[in-house]
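For the sequence shown, counting from 1, position 21 maps to 30 in my numbering; every step adds exactly one. Glycine is no exception: its CB is placed at the ideal position from the N, C-alpha and C atoms.
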Amino acid sequence: MNNLEACECATLKFDHPRNGVWRIVGPAKEPGFWNLLSVVFINESWDIPSYRSTFQICVHESEFDRIQ
């Protein structure tokens with residue numbers, strides 16, 4: 010297991026509409042690329058149901074930083 014597999018979270022090094030913490034899902038088919046997932050809750054009010062948007066991207070390991 011390498012360092013990227015040991016950590017489950019990352020931040021992107023480039024501008025993206027969903028800036029924040031991404032979950033590292035696992036390696037992609039191509040060497041050096043990783044699948045990342047981010048979930049955004051649209052409404053967190055107690056009296057209105059929550060909605061969420063899920064973003065998935067595949068990026069090269071040089072395009073994100075691991076966080077712990």
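Note to self: Buried or exposed for Phe50, going by 16 or more other Cβ atoms inside 10 Å?
What the structure shows: exposed
Notebook entry, point to check: Apart from the five residues on each side of it in sequence, which residues of its chain come closer than 7 Å, Cβ to Cβ, to Tyr60?
Noted result: Ile51, Asn52
Check: Between Lys22 and the rest of its own chain, which residues show a CB-CB distance below 7 Å, the 5 nearest in sequence each way excluded?
Finding: Glu72, Phe73, Asp74
Margin query: Taking only three categories from DSSP, how would you classify Ser59?
Written below: coil
Next item on the list: Over the uninterrupted beta strand (DSSP E) stretch that includes Gly41, give me the two end residues.
Entry: That residue, Gly41, is in no beta strand (DSSP E); it is neither H nor E in DSSP.
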